[in-house]
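Q: For reference, the structure I am asking about is given below.
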Amino acid sequence: MIDFMRQALELAKSALNTNEVPVGCVFVRNGKIVAQSKNSVNETRNPTRHAEINCIDEVLNYCQDRNIEYRSFFEDIIVYVTVEPCIMCAAALKNLNIKEVIYGCANDRFGGHTVIDVGDIYPNSYSLTAHSHAQEAMDLLKQFYKGTNPHAPQEKVKKKKTKQDEEKL
Amino acid sequence: MDGSLLPAIQEPPIKKIKPSTNMTINFYLNEVTSSKTPLKVVLNDDISESLPLIEVYTGHIQNPKDISKTVLLLNEKLPIKELQHLKRVKKQDIFLCPITYTNEMTIQEYLKSLDDSFADIFDSFAVIHVPKQPPKLKKQFEDTKEYWPCNFHPDKYLEKLFSDNFFTQEESNMHRKYMYIALLNAKWYVMNDASIHDVPNVTLVVDPIIASVVAVATDNRKKHPTQHSTMLAIDNVARTQNGGAWSPDCELDEETMIPNSLLQCLKAEMPEINFGHRKFKSNRVTDDNNSGTENNETSSLDSPYLCTGYYIYMLREPCVMCSMALVHARAKRIFFCVDNERDGGLKSKVKLQTVSSLNHRFEVFTGFL
Numbered sequence: 001m002i003d004f005m006r007q008a009l010e011l012a013k014s015a016l017n018t019n020e021v022p023v024g025c026v027f028v029r030n031g032k033i034v035a036q037s038k039n040s041v042n043e044t045r046n047p048t049r050h051a052e053i054n055c056i057d058e059v060l061n062y063c064q065d066r067n068i069e070y071r072s073f074f075e076d077i078i079v080y081v082t083v084e085p086c087i088m089c090a091a092a093l094k095n096l097n098i099k100e101v102i103y104g105c106a107n108d109r110f111g112g113h114t115v116i117d118v119g120d121i122y123p124n125s126y127s128l129t130a131h132s133h134a135q136e137a138m139d140l141l142k143q144f145y146k147g148t149n150p151h152a153p154q155e156k157v158k159k160k161k162t163k164q165d166e167e168k169l
Numbered sequence: 170m171d172g173s174l175l176p177a178i179q180e181p182p183i184k185k186i187k188p189s190t191n192m193t194i195n196f197y198l199n200e201v202t203s204s205k206t207p208l209k210v211v212l213n214d215d216i217s218e219s220l221p222l223i224e225v226y227t228g229h230i231q232n233p234k235d236i237s238k239t240v241l242l243l244n245e246k247l248p249i250k251e252l253q254h255l256k257r258v259k260k261q262d263i264f265l266c267p268i269t270y271t272n273e274m275t276i277q278e279y280l281k282s283l284d285d286s287f288a289d290i291f292d293s294f295a296v297i298h299v300p301k302q303p304p305k306l307k308k309q310f311e312d313t314k315e316y317w318p319c320n321f322h323p324d325k326y327l328e329k330l331f332s333d334n335f336f337t338q339e340e341s342n343m344h345r346k347y348m349y350i351a352l353l354n355a356k357w358y359v360m361n362d363a364s365i366h367d368v369p370n371v372t373l374v375v376d377p378i379i380a381s382v383v384a385v386a387t388d389n390r391k392k393h394p395t396q397h398s399t400m401l402a403i404d405n406v407a408r409t410q411n412g413g414a415w416s417p418d419c420e421l422d423e424e425t426m427i428p429n430s431l432l433q434c435l436k437a438e439m440p441e442i443n444f445g446h447r448k449f450k451s452n453r454v455t456d457d458n459n460s461g462t463e464n465n466e467t468s469s470l471d472s473p474y475l476c477t478g479y480y481i482y483m484l485r486e487p488c489v490m491c492s493m494a495l496v497h498a499r500a501k502r503i504f505f506c507v508d509n510e511r512d513g514g515l516k517s518k519v520k521l522q523t524v525s526s527l528n529h530r531f532e533v534f535t536g537f538l
């Protein structure tokens with residue numbers, strides 16, 4: 001059996017190399033990868049471009065190219081993602097009636113199960129399983145957050161006016 | 170309807186009558202501008218509603234001289250961390266603990282189990298109701314006096330947020346005007362897209378610093394399941410910052426990222442409104458150029474980053490996905506007209522703005538109609 005989580009972790013690593021939050025994701029249907037992607041928030045300057053959202057777009061393209069009705073297609077998909085889907089992604093995946101989500105490490109900051117349970121809001125519920133590669137997924141995140149996000153704005157700290165500045169005024 | 174007697178012949182489906190959609194929009198357009206009700210903030214109910222109560226034991230002290238030493242002893246042996254808003258003393262009555270603390274024991278036995286010196290202090294005990302949570306607004310604080318003395322730290326900003334004059338008349342008119350433009354967008358889409366039958370959701374992004382419409386988008390979920398108006402609006406904002414992920418399905422104005430024909434229509438209808446965004450400058454440009462003038466630095470600091478500082482106007486409360494997208498985008502304030510009871514993420518099903526563990530919190534207002 002192919003280690004889909006391994007593939008997701010490789011994608012997360014490549015995200016780290018391009019200064020993106022290292023999260024990777026693969027969508028699997030009938031044992032075959034139909035979409036794979038990683039976080040691209042900084043590249044697109046769009047904070048919603050999480051790995052799962054990118055994969056959803058890939059599946060839509062996949063379906064369009066093959067003239068497949070996407071709604072039923074999504075219902076057979078198993079999502080392998082290195083970090084528990086955030087509230088936004090969890091809601092998107094529930095709306096698509098995804099079959100199953102398998103994740104690496106929990107998401108204490110935004111998790112769609114850990115922070116608030118999106119499953120309470122949407123009737124369709126996928127099964128959600130934590131996977132064994134949690135430590136590896138978490139280590140990647142730690143590596144990222146050790147550095148600072150180069151795209152975040154500088155802190156708007158008011159500089160103390162020096163005497164010289166005041167004299168200028 | 171006695172549909173059972175209808176012949177089984179399938180008539181061609183009657184197209185939903187567009188005039189009714191149009192009438193709804195016209196009704197909203199009229200309401201949004203003429204309604205005089207103040208906009209209302211959406212926060213946790215426990216801030217504005219009457220406080221929930223909890224049953225606790227109190228003990229009556231025989232000798233007033235024992236009060237201070239008893240309080241000290243209680244604070245040491247029986248601190249109640251979750252009810253720190255309650256004062257310990259009310260005249261000769263002392264708040265002891267929630268009734269659930271004693272398990273199978275009587276309150277006398279329970280106190281004795283903690284410390285023998287409690288034994289002779291109280292001459293009687295009672296079970297009373299007290300506020301379970303600290304009062305947040307003055308009004309709630311007034312209510313607590315009926316039950317038990319409470320500590321209260323008034324929060325000026327919160328008081329103002331819940332008052333009817335949080336926004337000045339001028340600000341209020343401005344918010345209503347932007348909501349009006351959002352509705353004009355909806356009207357335009359209904360008129361120009363034969364596949365839209367109901368009032369579509371619209372998201373309008375405004376930069377309050379330059380009082381200008383930065384981006385707009387309408388719902389496209391029929392063609393693409395995650396292209397709700399918020400998600401598209403956030404992507405259009407990204408496009409104003411040299412980013413963006415989705416390719417537009419029609420020609421956009423280069424400056425505003427609004428469809429050309431829609432923009433012309435809006436400008437004609439609302440000549441006093443500005444459209445366009447502040448110029449985006451990446452931080453790195455100025456980092457490499459530290460010797461640059463002060464002007465340069467300021468513009469870098471003031472460059473838009475995601476939706477930081479932006480106001481978002483929506484016809485319908487965003488769903489959970491879109492609400493979280495607005496958290497990720499760090500929007501400053503969200504305004505909406507109509508509740509989304511199915512899966513609204515800012516009022517109806519959950520209020521993301523009240524989830525303390527999220528790293529960004531915005532303010533949410535409704536009450537346009």
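Protein chains in written order, with the working numbering: chain A, 1 to 169; chain B, 170 to 538. Beta carbons are placed, not taken as given, at the ideal position from N, Cα and C, and that holds for glycine. If you're wondering where the values come from, they're calculated on a predicted model, not measured in any experiment.
So, under 8 Å CB-CB, GLU52 (chain A) and CYS25 (chain A) are touching, yes? Tell me the CB distance rounded to an integer number of Å.
A: Going by Cβ atoms, the distance from GLU52 (chain A) to CYS25 (chain A) rounds to 5 Å, so yes, they are a contact pair.
Q: Any C-beta of chain B sitting closer than 8 Å to the C-beta of ALA122 (chain A)?
A: Looking at the sequence shown, residue 122 (chain A) is not Ala but Tyr. Interface residue, yes.
Q: Under 7 Å between beta-carbons, which chain A residues line up against VAL489 (chain B)? List them in chain order, please.
A: The contacting residues are ILE87, ALA91, VAL118 and ILE121.
Q: Along the chain, where does the alpha helix (DSSP H) that runs through GLU340 (chain B) open and close?
A: Its alpha helix (DSSP H) spans residues 338–361.
Q: Would you kindly work out how many angstroms separate the C-alpha atoms of PHE331 (chain B) and SER341 (chain B), rounded to a whole number?
A: When rounded, the distance between both Cα atoms is 15 Å.
Q: Looking only at its own chain, which residues have a Cβ that is under 8 Å from the Cβ of PRO318 (chain B), when we skip the five neighbours before and after it?
A: Same-chain partners within the cutoff: LEU255, LYS256, VAL258 and LYS259.
Q: Evaluate GLN410 (chain B) with the Cβ neighbour count: other Cβ atoms within 10 Å of its Cβ, from every protein chain shown; 16 or more gives buried, anything less gives exposed.
A: With 16 or more other Cβ atoms within 10 Å, it is buried.
Q: Residues bridged to ARG485 (chain B) by DSSP?
A: Paired residues: B:VAL507.
Q: Tell me which residues share the same chain as SER219 (chain B) and place their Cβ nearer than 7 Å to its Cβ, disregarding the 5 neighbours each side in the sequence.
A: Taken in chain order, the residues that qualify are ASP312.
Q: TYR480 (chain B) and VAL375 (chain B): beta carbons closer than 8 Å?
A: Yes. Within cutoff.
Q: Quick one, which residues of the region 34–65 of chain A are near chain B if we go by CB-CB under 9 Å, in chain order?
A: So the list reads SER40, VAL41, ASN42, GLU43, THR44, ARG45, ASN46, PRO47, THR48, ARG49, HIS50, ILE53, ASN54, ILE56, ASP57 and LEU60, given in the order they occur along the chain.
Q: Give me whichever residues DSSP pairs with ASN229 (chain B) in a beta bridge.
A: What sits at residue 229 (chain B) in the sequence shown is His, not Asn. Paired residue(s): B:ASP262 and B:SER293.
Q: Run through chain B and tell me which residues come within less than 9 Å of LEU96 (chain A), C-beta to C-beta.
A: Neighbours of LEU96 (chain A) on chain B, chain order: PRO394 and THR395.
Q: Determine whether the Cβ of PHE27 (chain A) lies closer than 8 Å to any Cβ atom of chain B.
A: No, no contact with chain B.
Q: Within 8 Å of any Cβ in chain A, is that where the Cβ of VAL211 (chain B) sits?
A: No, VAL211 (chain B) lies away from the interface with chain A (no Cβ there is under 8 Å from its Cβ).
Q: At which residue ranges does the region 374–460 of chain B contain complete alpha helix (DSSP H) runs of 4 or more residues, listed in the order of the chain?
A: Within the region 374–460 of chain B, the complete alpha helix (DSSP H) runs of at least 4 residues are 398–409, 429–438 and 452–456.
Q: For VAL519 (chain B), which residues in chain A fall below 7 Å Cβ to Cβ?
A: Within 7 Å Cβ-Cβ: ILE116 and ILE121.
Q: My understanding is that TYR226 (chain B) touches LEU265 (chain B), with C-beta atoms under 8 Å, so please give their C-beta distance in whole angstroms.
A: 4 Å between Cβ atoms; contact.
Q: MET343 (chain B) and ILE87 (chain A): beta carbons closer than 8 Å?
A: It is not a contact, given that the beta carbons lie outside the stated cut-off.
Q: Can you tell me which of the three DSSP states LYS99 (chain A) falls into?
A: Three-state result, LYS99 (chain A): coil.
Q: Quick one: does SER14 (chain A) have its CB under 8 Å from some CB of chain B?
A: With 8 Å as the cut-off, SER14 (chain A) does not count as an interface residue toward chain B.
Q: Could you tell me the distance, in whole angstroms, from the CA atom of ILE77 (chain A) to the CA atom of CYS89 (chain A)?
A: Cα-Cα distance, rounded: 15 Å.
Q: Just to check my reading of the structure: VAL406 (chain B) and CYS488 (chain B) have Cβ atoms closer than 8 Å, yes? What is that Cβ distance to the nearest angstrom?
A: That belief does not hold up - the Cβ atoms of VAL406 (chain B) and CYS488 (chain B) are roughly 19 Å apart, past 8 Å.
Q: Can you check whether the C-beta of THR467 (chain B) is within less than 8 Å of a C-beta belonging to chain A?
A: Any reading at THR467 (chain B) must be qualified, since the residue scores a pLDDT of 39, below 50, and its modelled position is unreliable; no value is offered.
Q: Suppose the cutoff is 7 Å on Cβ atoms and the five residues either side in sequence are ignored; what does the same chain contact list for LYS307 (chain B) look like?
A: Correct list, in chain order: PRO323 and GLU328.
Q: I believe PHE336 (chain B) touches SER381 (chain B) by the beta-carbon criterion, under 8 Å. Please report the beta-carbon distance rounded to the nearest angstrom.
A: Actually they do not touch by this definition, with Cβ atoms about 19 Å apart.
Q: Would you call the region 262–279 of chain B in contact with the region 226–236 of chain B, where contact means no fewer than 3 C-beta pairs closer than 8 Å?
A: As far as the Cβ criterion goes, the region 262–279 of chain B touches the region 226–236 of chain B, which means the pair count is three or higher.
Q: Looking at the secondary structure, which residues open and close the beta strand (DSSP E) in which LYS38 (chain A) lies?
A: LYS38 (chain A) -> beta strand (DSSP E) spans 32–38.
Q: Return the Cβ separation of GLN215 (chain B) and GLN302 (chain B) in integer angstroms, given the expectation that the two are a contact with Cβ distance under 8 Å.
A: Correcting the residue type first, residue 215 (chain B) is Asp in the shown sequence and not Gln. About 6 Å separates the two Cβ atoms, so the contact holds.
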